[in-house]
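4 protein chains.
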Amino acid sequence: MPQFPPHLTFALVPPRNFSSISRDLVAIGRRFYARGWVQGTSGNFSVVMSRKPLRLAITASSVHKGQMRAENILQIDDSAAPVGSRRAVPSAEARLHLEIVRRRGAGAVLHTHSIWGTILSASAPQRDGLKIDGFEMLKGLAGVRTHEHSEHIPIVDNDQDMVRLAGVVGETLDRNPDAHAFLLRRHGLYTWGDTLADAERHVEILEFLFETIGRSATFRPAGGEGGVHHGSIENF
Amino acid sequence: MPQFPPHLTFALVPPRNFSSISRDLVAIGRRFYARGWVQGTSGNFSVVMSRKPLRLAITASSVHKGQMRAENILQIDDSAAPVGSRRAVPSAEARLHLEIVRRRGAGAVLHTHSIWGTILSASAPQRDGLKIDGFEMLKGLAGVRTHEHSEHIPIVDNDQDMVRLAGVVGETLDRNPDAHAFLLRRHGLYTWGDTLADAERHVEILEFLFETIGRSATFRPAGGEGGVHHGSIENF
Amino acid sequence: MPQFPPHLTFALVPPRNFSSISRDLVAIGRRFYARGWVQGTSGNFSVVMSRKPLRLAITASSVHKGQMRAENILQIDDSAAPVGSRRAVPSAEARLHLEIVRRRGAGAVLHTHSIWGTILSASAPQRDGLKIDGFEMLKGLAGVRTHEHSEHIPIVDNDQDMVRLAGVVGETLDRNPDAHAFLLRRHGLYTWGDTLADAERHVEILEFLFETIGRSATFRPAGGEGGVHHGSIENF
Amino acid sequence: MPQFPPHLTFALVPPRNFSSISRDLVAIGRRFYARGWVQGTSGNFSVVMSRKPLRLAITASSVHKGQMRAENILQIDDSAAPVGSRRAVPSAEARLHLEIVRRRGAGAVLHTHSIWGTILSASAPQRDGLKIDGFEMLKGLAGVRTHEHSEHIPIVDNDQDMVRLAGVVGETLDRNPDAHAFLLRRHGLYTWGDTLADAERHVEILEFLFETIGRSATFRPAGGEGGVHHGSIENF
Numbered sequence: 001m002p003q004f005p006p007h008l009t010f011a012l013v014p015p016r017n018f019s020s021i022s023r024d025l026v027a028i029g030r031r032f033y034a035r036g037w038v039q040g041t042s043g044n045f046s047v048v049m050s051r052k053p054l055r056l057a058i059t060a061s062s063v064h065k066g067q068m069r070a071e072n073i074l075q076i077d078d079s080a081a082p083v084g085s086r087r088a089v090p091s092a093e094a095r096l097h098l099e100i101v102r103r104r105g106a107g108a109v110l111h112t113h114s115i116w117g118t119i120l121s122a123s124a125p126q127r128d129g130l131k132i133d134g135f136e137m138l139k140g141l142a143g144v145r146t147h148e149h150s151e152h153i154p155i156v157d158n159d160q161d162m163v164r165l166a167g168v169v170g171e172t173l174d175r176n177p178d179a180h181a182f183l184l185r186r187h188g189l190y191t192w193g194d195t196l197a198d199a200e201r202h203v204e205i206l207e208f209l210f211e212t213i214g215r216s217a218t219f220r221p222a223g224g225e226g227g228v229h230h231g232s233i234e235n236f
Numbered sequence: 237m238p239q240f241p242p243h244l245t246f247a248l249v250p251p252r253n254f255s256s257i258s259r260d261l262v263a264i265g266r267r268f269y270a271r272g273w274v275q276g277t278s279g280n281f282s283v284v285m286s287r288k289p290l291r292l293a294i295t296a297s298s299v300h301k302g303q304m305r306a307e308n309i310l311q312i313d314d315s316a317a318p319v320g321s322r323r324a325v326p327s328a329e330a331r332l333h334l335e336i337v338r339r340r341g342a343g344a345v346l347h348t349h350s351i352w353g354t355i356l357s358a359s360a361p362q363r364d365g366l367k368i369d370g371f372e373m374l375k376g377l378a379g380v381r382t383h384e385h386s387e388h389i390p391i392v393d394n395d396q397d398m399v400r401l402a403g404v405v406g407e408t409l410d411r412n413p414d415a416h417a418f419l420l421r422r423h424g425l426y427t428w429g430d431t432l433a434d435a436e437r438h439v440e441i442l443e444f445l446f447e448t449i450g451r452s453a454t455f456r457p458a459g460g461e462g463g464v465h466h467g468s469i470e471n472f
Numbered sequence: 473m474p475q476f477p478p479h480l481t482f483a484l485v486p487p488r489n490f491s492s493i494s495r496d497l498v499a500i501g502r503r504f505y506a507r508g509w510v511q512g513t514s515g516n517f518s519v520v521m522s523r524k525p526l527r528l529a530i531t532a533s534s535v536h537k538g539q540m541r542a543e544n545i546l547q548i549d550d551s552a553a554p555v556g557s558r559r560a561v562p563s564a565e566a567r568l569h570l571e572i573v574r575r576r577g578a579g580a581v582l583h584t585h586s587i588w589g590t591i592l593s594a595s596a597p598q599r600d601g602l603k604i605d606g607f608e609m610l611k612g613l614a615g616v617r618t619h620e621h622s623e624h625i626p627i628v629d630n631d632q633d634m635v636r637l638a639g640v641v642g643e644t645l646d647r648n649p650d651a652h653a654f655l656l657r658r659h660g661l662y663t664w665g666d667t668l669a670d671a672e673r674h675v676e677i678l679e680f681l682f683e684t685i686g687r688s689a690t691f692r693p694a695g696g697e698g699g700v701h702h703g704s705i706e707n708f
Numbered sequence: 709m710p711q712f713p714p715h716l717t718f719a720l721v722p723p724r725n726f727s728s729i730s731r732d733l734v735a736i737g738r739r740f741y742a743r744g745w746v747q748g749t750s751g752n753f754s755v756v757m758s759r760k761p762l763r764l765a766i767t768a769s770s771v772h773k774g775q776m777r778a779e780n781i782l783q784i785d786d787s788a789a790p791v792g793s794r795r796a797v798p799s800a801e802a803r804l805h806l807e808i809v810r811r812r813g814a815g816a817v818l819h820t821h822s823i824w825g826t827i828l829s830a831s832a833p834q835r836d837g838l839k840i841d842g843f844e845m846l847k848g849l850a851g852v853r854t855h856e857h858s859e860h861i862p863i864v865d866n867d868q869d870m871v872r873l874a875g876v877v878g879e880t881l882d883r884n885p886d887a888h889a890f891l892l893r894r895h896g897l898y899t900w901g902d903t904l905a906d907a908e909r910h911v912e913i914l915e916f917l918f919e920t921i922g923r924s925a926t927f928r929p930a931g932g933e934g935g936v937h938h939g940s941i942e943n944f
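Residue numbers (the working numbering), protein chains in the order written: chain A, 1 to 236; chain B, 237 to 472; chain C, 473 to 708; chain D, 709 to 944.
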């Protein structure tokens, strides 16, 4: 695995135009749809267009991610209100994207609904997080330089009140400054990165780890001593 | 997840022509084939062309859904008899499509045969339904506005007598007015929507939930208290 | 599910030319490769070109099925010797194809190596077959008209001596006149049909059923009474 | 399954040009990405360009394998230093590729990160290898002529010190002269071949076997005596 630098400041993110970003989000939609991570119009994606004033390119609500077109991407301001000429309803979870961008300085935010993310987040209602350690794949997370890393992924209870949920997400991010992602319980994954490519890499790595841990949970090989114990659901 | 409106009346469905609908059904066939939901020529799809008189565009019998062409779509009347110039045998299950269209005012009906739908429908021969609750993904079902929703999916015993089975399906739909779908035991899923896009979204959501519940059934994570308990097979 | 006619006599198979058949086999190779059924150059496919004299179009040995080209298909005679202008080594298992064509009057034979077929064939070394009953998907097998069908799939011990193995396969086919397929233990599936499309449909149906039964083997749903009991490994 | 010759000497590998090799590596990246074996920019691939002096074409560090282009392949010398006009950082694991090329005379080396390889390598921390026997698919490994073959796949502890790890890999290769591959613990698979096609075939075969053994670990069929016992984690 390659090593990736720790969180860069947003000053390093080169300016890009809206149509180029829209095309990239459409391509990500196709790739994630092919993997089964955005079924049933679920999932939403955003990229920071500018910081001052804050502007995000974000997927419109209710769009099939496998058939999305550039016209399904719109721009919002720092209150999640649409700006610009494309008239569409932004994703209901736009406030969560804004919260992540503000607290982490992220350049891109991706939200997916995967089978294994859902199973792991649902499997222990009393616990507030997932710990994953010892896997080489962890080195694909920004700033991680060794497989001897322990990643804590907070699990936040799902909520339909987006203002309240954004507040809980903000506090969770502050309490877990090293986390590269969080899970909404029985809902899905949020992760981010300095660039859209970084955020996509984080999705791929975390989904790989979720599936590895999920499939390992009942695994007892012939001739082996037991299961795989490098993922756990716990409080922290 | 976006929120979708409750069942619209059919007056809102815009008129569309047969060749456009045929192309859309061919595209759905390719997508479902890629996911493994219509193996071995299984599955059948329909769209309402007109209400008075009732006309459905429906897939012909015995067609490979991954290689289907527009010529494999035909039109039937309210007795499941072919009408129009394309001469082909309609799906043997056309009567079930008609029953759903009449009882629910659906604009499109999709039937799939998935691994997980088959496993769940087969897993408890004495039970008459599947209950799924607490998942964000449920919000993709028309009219559902919160993850705190409990979806009851009736399981109907399979039957080769299509007239008799259509009768049982009709009664089941009437007894479960809020159901968005039903399963035929050891056979597959029927779901529907105001539009073909709505019906496809329902297939994707229900298959996601079937797989999540199916994979969770033996899941016991290290460090967690137990499995996932947001799906069950029960009588209702 | 549609109903398919029982085994037709070969007189009904229309004559087709070699380049058309080669193209069809190449397309099947791509589809099966995408599903993971012919990894590592495994699997081989054949179509009857003529009966008198017996000529088969068959995949060459050691070809990657996802990257196969028409030039990788050759013709063999009734002793598995290559005939015609394309010079290549036929599949080592050509004798098994010939045995099936002779005993069943098949027009096409397909051999795949799937994960679930391998697991099921390996799971009970003392047993000589797999029984599958009660699934609608069974109706896709030629001549089966109801889900209340019990399909017996013989499991034959693997053997590197192709003359000896062809003899055992021949006896097995004679002892199981209703079987639509057999498994070679820890090796893979053989199935066939009057046409190549019939044989492909049989592969898709049997792989669906293998995966359904395989995944069901440890399945115990919350709220249900127990696992799925419509597949078993037994002697017959 | 076809039979493949034992390790050829490198004299038999025909000379090929860099742009042709780069295109082949790009195509392998797409195929492996589609299978989920190189998520999150993981994995790296190399091909021997010349022996004297030793030159490898190898994937650059941190490249998304599904979107890789020919420009992402560079050349390195026998100390893993880049040579030639393309300026990029070679994969951090280039030294492992060189070690394999030297000890085995391999013409191509492929490294993948799969779910099942990770699970198997993680499942028994005290054991130093995986034994697989009795599967027809083993015949796809170079030089193996019967399914009655027992393949020992060493498991090497992961290490971020590439010089030290290369030393351990070299010793492991010498101690296991018949091994076609090794696993890095909680990291991934290394395999190789005389040609790139041979190495890709080895990846496909080993991933098939890992998944078969992994899925078999909890498999207890109805009517069968027990699980599949043709894979084990053990010391050797």
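Glycine included, each C-beta is placed from N, C-alpha and C at the ideal position.
Counting only residues of its own chain and dropping the five nearest sequence neighbours on each side, A:His202 has a CB closer than 8 Å to the CB of Leu110, Gly140, Leu141, Ala142, His180, Ala181, Thr191, Trp192 and Gly193.
The Cβ neighbour count for C:Thr618, taken over all protein chains shown within 10 Å, is under 16; the residue is labelled exposed. With a minimum length of 3 residues, the unbroken runs of beta strand (DSSP E) contained wholly in the region 479 to 564 of chain C fall at 516 to 522, 527 to 531 and 545 to 548. For C:Thr663, DSSP records a beta bridge to C:Leu582 and C:Ala653.
Counting only residues of its own chain and dropping the five nearest sequence neighbours on each side, A:Arg185 has a CB closer than 6 Å to the CB of Ser121, Ile155, Asp157 and Asn158. Nearest to B:Ala433 by alpha-carbon distance, out of A:His64, A:Asp133 and A:Leu130, is A:His64.
Residues of chain C whose Cβ lies closer than 7 Å to the Cβ of B:Thr427 do not exist, since the nearest Cβ in that chain is about 17 Å away. In the structure shown, the three-state DSSP call for A:Ser121 is helix. Spanning the alpha carbons of B:Ser297 and B:His349 requires a straight line of approximately 15 Å.
Beyond the five residues adjoining it in sequence on each side, B:Asp260 comes within less than 8 Å, by CB distance, of Val283 and Leu432 in the same chain, given in chain order. Linking A:Ala106 to A:Leu56 through their CA atoms gives a straight-line distance of about 11 Å. Restricting attention to C:Gly508, C:His569 and C:Phe490, the CA atom closest to the CA of C:Ser557 is found in C:Phe490. Straight-line spacing of the CA atoms in C:Ser704 and C:Ile493 works out to 37 Å. With the rule of 3 Cβ pairs closer than 8 Å, the region 160 to 169 of chain A counts as touching the region 93 to 105 of chain A. Only residues of its own chain outside the window of five on either side were considered, and among them Ile58, Thr59, Ser91, Glu93 and His111 have a CB closer than 7 Å to the CB of A:Asn44, listed in chain order. Per the coordinates, the alpha-carbon of C:Met609 lies some 7 Å from the alpha-carbon of B:His423.
When only Cα atoms are considered, B:Ser286 and B:Asp414 end up about 25 Å apart. Counting of Cβ neighbours within 10 angstroms places D:Val797 among the exposed residues, the total staying below 16. Burial check for A:Arg127: the Cβ neighbour count within 10 Å reaches 16 or more, so the residue is buried. Per DSSP, reduced to three states, the secondary structure at B:Val380 is coil, with no helix or strand assignment.
At a C-beta separation below 8 Å, C:His619 has these neighbours in chain B: Asn394, Gln396, Arg422 and His423. Counting along the chain, B:Asp369 sits inside the beta strand (DSSP E) bounded by residues Gly365 to Asp369.
Against chain B, the beta carbon of A:Gly40 has neighbours under 7 Å at Met373, Gly376, Arg437, Glu440, Ile441 and Phe444, listed in chain order.
Collapsing the DSSP output to three states places B:His388 in a strand. For a cut-off of 8 Å, the C-beta gap from D:Arg811 to D:Asp882 is around 7 Å, short enough to register as a contact.
By the neighbour-count criterion, in which a residue is buried when 16 or more other Cβ atoms sit within 10 angstroms of its Cβ, A:Glu71 is exposed.
Close partners of C:Ser688 in chain B (Cβ separation under 8 Å): Ile355, Ala358 and Ser359. Spanning the alpha carbons of B:His385 and A:Leu209 requires a straight line of approximately 29 Å. For the region 491 to 517 of chain C, the residues whose beta carbon sits under 9 Å from a beta carbon of chain B are, in order, Ala499, Arg503, Ala506 and Arg507. Here B:Ser468 is bridged, per DSSP, to B:Lys367. Between A:Tyr33 and A:Gln39, the alpha-carbon positions lie close to 7 Å from each other. Shown here, C:Ala689 sits in coil according to DSSP, grouped into three states, outside any helix or strand. The residues Gly129, Leu130, Lys131, Asn176, Asp178, Ala179 and Phe236, in chain order, have a CB closer than 8 Å to that of A:His152 in the same chain once the five nearest residues on each side in sequence are set aside.
Around the beta carbon of C:Ala553, a 10 Å sphere encloses fewer than 16 other beta carbons of the protein chains shown; the residue is thus reported as exposed. 7 Å or more divides the Cβ of A:Thr212 from the Cβ of D:Thr880.
For A:Leu189 and A:Val101, the gap between their C-alpha atoms comes out near 16 Å.
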